[in-house]
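Data block below; observations after.
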Amino acid sequence: MRGVSPHLATDARSFGVREAWGEHLVALANKYPELVVLDGDLANSTKADIFAAAHPGRFLEMGIAEQNMLGVAAGLATTGYVPWISTFAAFVAKRALDQIRVVIAQPSLNVKMCGAYSGILTSKTGKTHQSVQDIAIFRAMPHVVTIVPADAIELQAAMTAMMEDDRPTYLRVTRDASPVIFDSGYTFEFGKALLLRQGSDVGIVSTGVQTTRALDAAALLEEQGVSASVLHAPTLKPLDTEAICELAAATGAIVTAEDHSIIGGLGSAVAETLSERIPTRMKRVGWQDTYGESGPNDSLLEKYGLTARHVSEAVLDLLAETTGARGNRR
Amino acid sequence: MTAAALSHLTSSVSELRELSVRTRRLILETVHTAGAGHIGGPLSVTDILVNLYFNRLHIDPDAPHAADRDRCILSKGHSSIALYTVLALRGYLRVEELATFDAIDSRLQGHPDMTALPGLDMSTGSLGQGLSPGLGMALGARLGDRDFRTWVILGDGEIQEGQIWEAAFVAGRYRLNNLTAILDYNRLPQFGWPDSSGFTRDIPIGDPGAKFAAFGWNIVETDGHDHEALTNAFDRAEQHTQGPTIVIAHTIKGKGVSFMENDFNWHATPPNSDQLAMAVAELQGSLT
Ligand SMILES: Cc1ncc(C[n+]2csc(CCOP(=O)(O)OP(=O)(O)O)c2C)c(N)n1
């Protein structure tokens with residue numbers, strides 16, 4: 012069994028994820044002259060405005076016309092530029108989907124598609140702006156690397172790695188500040204999941220900001236005498252199937268946690284992996300095949316079942332069921 | 005004809021006319037052999053492609069990825085066989101390879117796949133998507149201070165797609181004078197809009213020139229089958245410095261084969277052997 016990541020932050024603080032994105036684009040652009048940013052009239056939401064102020068000549072406003080924007084990005088990529096897309100996850104994944112399929116994914120052009128305001132926490136904008144199918148969409152699209160960072164540190168580390176990689180990539184960015192999990196020594200590796208906590212009774216596999224709540228759930232479970240591992244999978248494609256199978260072998264019970272639909276996202280990906288290689292009882296915590304609404308973050312997480320408590324309850328339910336199942340077999 | 009790396013060929017009008025006939029003949033033979041493929045659109049766009057590849061584009065078949073080559077995107081990708089044929093005659097592939105069109109493992113996919121065949125500057129096939137990458141290439145040239153030009157060929161049915169108009173206004177805003185669109189204005193898409201009689205077909209979008217002009221484009225109208233007129237129109241597009249140009253090329257769907265002309269039923273119907281023989285005879289006759 013692999014060891015716990017040595018790069019966990021020791022102090023508890025929150026850090027703005029979208030600000031981290033905008034600021035790191037500036038830093039990367041200083042190093043990579045080929046980096047340009049294309050914006051769909053949302054720079055002051057996504058925080059591409061930080062980049063626009065620092066590198067006005069490399070900030071290309073494209074207006075509210077996402078299909079064209081993704082096509083323009085493909086064309087720029089063929090001339091040696093590395094375009095980064097600034098719009099919301101809901102729009103990049105769906106409004107420009109056929110464009111991404113035909114001129115970016117199929118020819119494997121080096122476009123960095125960033126989906127801001129991903130998941131359900133979109134500042135009270137409601138169901139039109141909540142993006143809970145984007146992982147499913149990109150995971151089903153050959154050639155597209157799909158990255159879902161847990162915090163601002165991992166986001167920036169992933170962005171750094173993305174500039175050294177020439178594959179089309181979808182990067183899921185969240186709107187709000189979230190607790191920092193990693194320390195500044197962290198370097199991103201494509202396709203590698205990280206063990207954040209070691210436990211023996213159950214394995215929680217999480218991605219994105221939901222990893223914070225998975226860690227909180229593990230702490231809650233410890234109080235109740237349940238020892239949980241937390242495996243964080245920042246890359247949904249390629250997925251670290253080895254780490255997931257190891258975790259299933261070690262614990263015999265898996266719960267997934269994601270700020271995304273349980274259909275097609277991390278929960279599906281883990282279920283697909285385990286059912287082929289090491290069938291394991293599971294529960295999937297995430298968006299339950301419904302549309303959302305506007306509301307304060309806490310209320311949304313509570314109503315739609317995404318809090319740490321929901322994760323810990325899923326674990327307890329699963330352990331009760333699997334223990335019961337073992338009892339029946341005897 | 006003269007050739008040099010990344011320079012354009014100059015061909016006489018009679019050479020271009022001959023090349024057009026050869027291209028049309030190969031299109032018909034290839035689609036007949038493949039038993040699949042489009043006909044009306046490829047015959048419509050033939051002269052435009054021949055004129056570009058044999059008289060205009062700064063390209064080198066031996067260096068298909070040269071950074072400063074002119075770009076050409078066939079946005080109406082269903083006319084791929086016309087592009088493959090012209091690329092073959094221009095030296096990007098052997099003419100014999102055309103026989104693999106649509107076959108398994110072929111570099112000549114039903115719609116242009118830039119990962120399969122060097123010389124294709126963009127993958128197309130889902131209509132309405134080619135102008136935006138062309139815009140991106142033109143922007144790339146401007147950002148990098150490079151002087152290549154980008155040409156994008158659109159169908160008049162295709163421009164019903166909303167993305168075309170997104171690209172049109174953005175290209176107009178950026179005043180991209182290194183971008184030229186060519187509209188293959190044959191007035192017929194695949195099935196088309198029934199007109200009031202219900203039997204004949206109405207044009208998909210009326211007066212496209214006025215619509216592009218409203219977004220800041222320069223409009224050049226031309227006969228899309230007359231090589232002298234096409235050359236002249238492309239000259240005027242290149243001379244315009246204030247923004248993008250669209251060359252509205254008036255064409256005939258199925259051009260060159262009288263029983264196929266202006267008939268939407270020949271959009272994608274392979275000719276049988278008799279039809280092929282008749283068509284080839286007519287094409288050869290047109291040269292004398
Ligand atoms: C997005 C999309 N919708 C539909 C089609 C199917 N289709 C292929 S060709 C065609 C008609 C195109 O008409 P036009 O652009 O005028 O081309 P031409 O008449 O020159 O062949 C259609 C509807 C497609 N390829 N892409």
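Read top to bottom, the protein sequences are chains A and B.
With the first sequence counted from 1, adding 11 to any position gets you my numbering.
With the second sequence counted from 1, adding 4 to any position gets you my numbering.
Ideal Cβ positions, reconstructed from N, Cα and C, are used throughout, including at glycine.
Keep in mind the model is a prediction, meaning the values are calculated, not measured.
Check                                                                                                                                                                            : Outcome
Name the residue from A:Gly210, A:Lys294 and A:Glu175 whose alpha carbon lies nearest to the alpha carbon of A:Ala261.                                                           : A:Gly210
With burial defined as no fewer than 16 other Cβ atoms inside 10 Å of the residue's Cβ, what is the status of A:Thr301: buried or exposed?                                       : exposed
Spell out whether any CB of chain B is found under 8 Å from the CB atom of A:Leu71.                                                                                              : yes
Taking only beta-carbon atoms, is A:Pro153 less than 8 Å away from chain B?                                                                                                      : no
Take every Cβ of the stretch 81-97 of chain A, pair it with every Cβ of the stretch 157-164 of chain A, and state whether three or more of those distances are shorter than 8 Å. : no
Between A:Gln235 and ligand 1, is there a pair consisting of the residue's CB and a ligand heavy atom that are separated by less than 7 Å?                                       : no
Given B:Glu265, which residues of its chain have a CB within under 8 Å of its CB, disregarding the five upstream and five downstream residues?                                   : Ile256, Lys257, Gly258 and Lys259
Beta-carbon of A:Ser119 versus every beta-carbon of chain B: anything under 8 Å?                                                                                                 : yes
Under 8 Å, Cβ to Cβ, is there at least one residue of chain A near B:Gly210?                                                                                                     : no
Can you list the residues of chain A that B:Asp125 reaches, using a CB-CB cut of under 8 Å?                                                                                      : Thr89
Tell whether a beta-carbon distance below 8 Å holds between A:Ala38 and A:His66.                                                                                                 : no
Below 8 Å between beta carbons: does that hold for B:Ile31 and B:Leu234?                                                                                                         : no
Hey, does B:Met282 have any beta-carbon neighbour from chain A nearer than 8 Å?                                                                                                  : no
Is there at least one Cβ from chain A nearer than 8 Å to B:Met264's Cβ?                                                                                                          : no
With 8 Å as the threshold, decide whether the Cβ of B:Pro137 is near any Cβ in chain A.                                                                                          : yes
Applying the criterion that 16 or more other CB atoms from any shown protein chain within 10 Å of the CB defines a buried residue, is B:Leu180 buried or exposed?                : buried
Counting contacts by CB-CB distance shorter than 8 Å, is A:Asn41 in contact with chain B?                                                                                        : no
Would the C-beta of B:Ser130 count as close to ligand 1, meaning under 7 Å from any of its heavy atoms?                                                                          : yes
Hey, is A:Met281's beta-carbon within less than 8 Å of any beta-carbon in chain B?                                                                                               : One point to set straight first is that residue 281 of chain A is Val, not Met, in the sequence displayed. For A:Val281, the answer is no, since every Cβ of chain B falls outside 8 Å of its Cβ.
Can you say whether A:Gly278 is buried or exposed, counting buried as having 16 or more other CB atoms within 10 angstroms of its CB?                                            : buried
Hey, A:Leu329 and A:Ala264 are a contact pair by Cβ (cut 8 Å); roughly how many whole angstroms apart?                                                                           : 5 Å
Measuring only the C-alpha atoms, how far is A:Arg13 from A:Ala254?                                                                                                              : 8 Å
From the DSSP secondary-structure annotation, give me the bridge partner or partners of A:Ile148.                                                                                : Paired residue(s): none; A:Ile148 is not in a bridge.
Examine chain A for any beta-carbon lying closer than 8 Å to the beta-carbon of B:Thr245, and answer yes or no.                                                                  : no
Taking the alpha-carbon positions, what's the A:Ala230 to A:Arg186 distance?                                                                                                     : 26 Å
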